[in-house]
Each structure stands twice: as C-alpha cells, then as structure tokens.
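Numbered continuously in our numbering, the sequence shown closes out at residue 588.
Before any comments, here is the structure.
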Amino acid sequence: MYLLLPCASSSPISARAPSPVGGVPALIPGVLEAEAFDDGGPGVSYVDTTPGNAGGAFRSTDVDIERTEDAGGGYDVAWLRSGEWLEYTVDVAEATFYDVTARVASLGPGATFHLEVDGIDYAGGFDIPDTGGWQRWTTVTRRGVFLPAGVHRLRLRVAGVSPAGTSGGINAFTFVRSRSRGAPGGAPAPVPGTLEAEDFDLGGDGVGAHDTTPGNAGGTYRDGDVDIMPVAEASGGHAVAWMRPGEWLAYTVAVASPGVYQVEARVASLGTGAVLQVDADGRVQTGPLAVPDTGGWQQWQWSAPQQMTLAAGVRVLRVAVVAAGPAGTSGGLDRLRITKVASSAPFSAKPMPLPGRIEAEAFDRGGPGIAYADDTSQNLGGAFRAEGVDIEPTTDVGGGTDVAWIRPGSGCGTA
C-alpha cells in the first residue's frame, strides 16, 4: 500500500514533539502501515541503531525502508535490530478487545517484536517465523488484545532477531474488533479485586480456558466444556470443579499499579495433593497454590497466599492445574482474591542520602511487618510517632528522640 506524505516545506518536522504522519492519528480499528511512524526524529519517534536508510525508499531518516513485494505493493520496514523501535500516534475508537495481525517476512527464525501502548505491553510478543525469504510474506496474529479508547502512543519494539541479526521485514498491522477473547462483562476485571472462577474469558477452548473432558459436568451457568457447579452456601454463586492437570482458566484484568500482589484461592477438596499456579501474560508468577483437604467438595476455605509481581495495565492471568488430589482432580475453585502488598516509604518523603546521618526514629512508613517489627502494640516512650515502636526523648547531645526498649526480633527499616 502507498501512503502520501505532506511536503517538508508545508509541515516542518519537530525535533522534540512527535506528530502523526499527515497530521491525523491512525485509526483503530484499521490498517497501520509500518513505514508511517510519527515525525519527530531519532529518540522521539524512532530509534535506529545504524546510520542512513538502508533501503533508500520513502523517507529520509535512519529507519530502513524498502519497496515491498507483498500483495498491494507499497513499502515495508526492514533490517530491524534489537533495541530499535518505531512510534505511531493512534486513535482507538472503542475500549475493547482487538485481533491484531502483522504482515512479516524473514529468512530464519528467532525474531520477535512487541506492541506497547503508552509504555504498556498489552499484546505480548509476536514471533516472526522463517518465511523462506526476505520478501516471502506471511501473517502472524495475536487475538483478544485489549486496547483503551482514545489517542495513544503505540510503539513497535524489536526484542529478538533472526540468525542474520535482524527481525526481517514488517509491512503493516491490521486491527479488527475481536470475536474471540473477551472479558464476560465487556471490560477487564479490576486488580486488586476478586475474580470469580466461573467468569473466565470468552473465546472457547484454548483462548478463555482449556478443559480435557467434553461437556460441562455441572451443567450450569455457561455452555462449553469447563465444569461448573453451584456453590452450596446461603450466598449462592458458582464454582469451577472437576479440574484436572493440564486444564486452565484465563482472566483479562486491569492492574491499577505495578508492584507485588498477594493471591489467594477459595477452594474445596476431599483430600490433599492438588496444586494450582497463576501466570501473567504467559509467565509463571506464583509458587504453588496448594489446595488443602477442606473436608468436602462443598467445604470452602482460603489457600495459603502466594505473591506475584504484576506490571500496570491490562494483563491476562491464567490459573492452571499442575497437580491433582486423590480423586484425580483439584477439587473446586470458587474465586481468587488479589490484594496489593503494602510497601514501605521513606519517612521524610525522600530516601536519606549516604554518606550522612540517619536518625533511629526516622524509620520508614508502612506499618508492622513492613517498616518495623515490635513485640508491643504501643509506643512505650509515647514520643514522636504513634506506631508501636518505642520512642522516647533523648538526653544525648543535640536532643531529639531515640528508639528504646528494643528486644530480640525487633527492628526498623530505613530508605
């Protein structure tokens, strides 16, 4: 496909502020040509690690562009290397899930790239296969990618290269509203928060879930092969049951802020041995979530917590069964509870510089178990701070306060 650019004399390129080619953001859903990255210059709208346009076509920047032999003609971006990137200003019509396809070519496997929106990787990696030649084109697809509505900065970032040292060529991207993955409520579930097990993503087997036996053994709540049963409690609800090793459930979530989170599973089992595991965007995040013997298939309790680290933005969490109990299943999974792990913060808002003086009583904010440990709940000295750390006025030179009544096992942390 060919793209018309404004004349340089009518629209001078800013060296500092990126701007979309033609002055208008690219529309999503729609087609985004790889060579139509923003104006702005190196470090602003692109980074290219080699001088000059190796393809000598279309634009006079360091980005390597060549005429393409792909259907429709036009241009492609080629000779992309690890660490290089291109940015595009896009206007997303609707906050929803999209299927994203890319036209790619490579002589050799191993190349990968990512699409990031405002610095957040919503899609995960795209792998460029060995297509048999630099101008033998194929399509790679990521389905069910959530994109927020409005004008955003989309970055194509090269993460891996083929044996030739490049990622091959990329011609264009197509964004269409997804008919596969999607959150049941239409929007990602908020994290921190609670995920109902039965509200796994839409999309069917291999997208929203995977089940190794045909049909819904519980016969309730949803069609498909995932086995769902009513919860025999006054509050009602449903749970996923009869889960076997190799089965999994996926949930599209919106993580409010980056950091460490605690995850617990509300489970029921008649016997021990079942183990669950949670991953995010395909990477294992938790240690084993052991399902205890709760005394019955409808006797519910929370598992011991595990921690995971999550980046902010829309992510896909997957709960997988990695081991079964005596009955050959993991029992029942009612819900997941995900909470942000509190972290400490400097007492004076900024870390204390070193070399320098640190006052003992100026330990971090954050509370017991995070910024300090003290075996009494009150401040026995009654001075300076209201936490349980014991602080008193000092008679040392210079005055002020000191930490006292310190016992084995007590301590404070300072940033």
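Ideal placement from N, C-alpha and C gives every residue a C-beta, glycine not left out.
Alpha carbon to alpha carbon, how far is Ala345 from Ala484? Looking at the two C-alpha atoms, the distance is approximately 28 Å.
Where Gly540 and Val562 are concerned, what is the direct C-alpha to C-alpha distance, given to the nearest angstrom? Distance between the alpha carbons of Gly540 and Val562: 10 Å.
What first and last residue would you give for the beta strand (DSSP E) that runs through Gln458? For Gln458, no beta strand (DSSP E) segment is defined, and its DSSP state is neither H nor E.
CB of Leu288 within 8 Å of CB of Val265, strictly: With contacts defined as CB atoms closer than 8 Å, Leu288 and Val265 fail to qualify as a contacting pair.
According to the Cβ coordinates, are Thr269 and Arg354 closer than 8 Å? Not a contact, by the Cβ cut-off of 8 Å.
Taking DSSP as the reference, what is the three-state secondary structure of Gly247? Gly247 sits in coil when the DSSP states are folded into three classes, being neither helix nor strand.
If I measure Cβ to Cβ from Glu208 and keep anything under 6 Å in the same chain, skipping five residues before and after, which residues do I get? Excluding residues within five positions, the ones whose Cβ falls inside 6 Å are Phe231, Ile238, Tyr248 and Val250.
So Thr425 and Gln458 are in contact, right, with Cβ under 8 Å, and what is the actual spacing, rounded? Not really, about 15 Å apart at Cβ, beyond 8 Å.
Best match in Gly498, Ala427, Gln479 and Arg538 for proximity to Pro465 [C-alpha to C-alpha]: In terms of CA proximity to Pro465, Gly498 leads the group Gly498, Ala427, Gln479 and Arg538.
Assumed close pair Val436, Leu422 - CB separation to whole angstroms, cut-off 8 Å: Their Cβ separation, rounded to whole angstroms, is 13 Å, which puts Val436 and Leu422 out of contact at 8 Å.
Tell me the rounded alpha-carbon separation between Glu560 and Ser550. Going from the Cα of Glu560 to the Cα of Ser550 covers about 8 Å.
Which one or two residues does DSSP pair with Thr312 in a beta bridge? DSSP output for Thr312 lists Arg276 as bridge partner(s).
Since Ala278 and Trp310 are thought to touch, with beta carbons under 8 Å apart, how far apart are those beta carbons, to the nearest angstrom? That pair is a contact at about 5 Å.
Other residues of its chain near Ala362: CB distance less than 8 Å, five sequence neighbours each side excluded: So the qualifying residues of the chain are Ala356, Leu368, Asp372, Tyr424, Thr425, Val426 and Ala427.
Take Gly342 as the anchor and find which of Asp243, Thr445, Val440 and Ala463 has the nearest alpha-carbon. Nearest of Asp243, Thr445, Val440 and Ala463 to Gly342, Cα basis: Asp243.
Label Gly572 either buried or exposed according to how many other C-beta atoms from any shown protein chain fall within 10 Å of its C-beta, with 16 as the threshold for buried. When all chains shown are included, Gly572 counts as exposed.
Along the chain, where does the beta strand (DSSP E) containing Gln479 start, and where does it finish? Unbroken beta strand (DSSP E) run through Gln479: Gln479 to Leu483.
Does the distance from the CB of Gly504 to the CB of Val440 come in under 8 Å? Result yes, Cβ atoms of Gly504 and Val440 sit closer than 8 Å.
Shortest alpha-carbon distance to Val399 belongs to which of Gly409, Leu327 and Val380? By alpha-carbon distance to Val399, the top candidate from Gly409, Leu327 and Val380 is Val380.
Using a Cβ-Cβ cut-off of 8 Å (strictly less than) and excluding sequence neighbours within five positions of Gln308, which residues of its own chain qualify? Excluding positions up to five away in sequence, the list reads Thr241, Glu242, Asp243, Ala278 and Gly342.
Please classify Gln479 as buried or exposed, where buried requires at least 16 other C-beta atoms within 10 Å of its C-beta. With 16 or more Cβ atoms within 10 Å of its Cβ, Gln479 is classed as buried.
Can you check which of these residues, Arg488, Trp473, Pro519 and Ala477, is closest to Arg456 by C-alpha distance? Taking only the C-alpha atoms, the option nearest Arg456 is Arg488.
Since Pro363 sits in a beta bridge, which residues does DSSP pair it with? Answer is Ala427, bridged to Pro363.
If you measure between the beta carbons of Glu260 and Leu205, is that distance less than 8 Å? No, the pair does not count as a contact, with Cβ atoms beyond the cut-off.
Check for me: the beta strand (DSSP E) holding Met134 runs from which residue to which? The structure shown does not extend to residue 134, since the chain spans only 174 to 588, so no value can be given for it.
Buried or exposed: where does Glu534 fall if 16 or more other Cβ atoms within 10 Å of its Cβ makes it buried? By the neighbour-count rule (16 or more Cβ atoms within 10 Å), Glu534 is buried.
Return the Cβ separation of Arg417 and Thr285 in integer angstroms, given the expectation that the two are a contact with Cβ distance under 8 Å. Contact between Arg417 and Thr285 is absent: CB atoms are separated by about 32 Å, not below the 8 Å threshold.
Give me whichever residues DSSP pairs with Val349 in a beta bridge. Within the DSSP bridge table, the entry for Val349 names Asp272 as partners.
Where do the ends of the beta strand (DSSP E) carrying Gln474 lie? Here the beta strand (DSSP E) through Gln474 covers Gly469 to Trp475.
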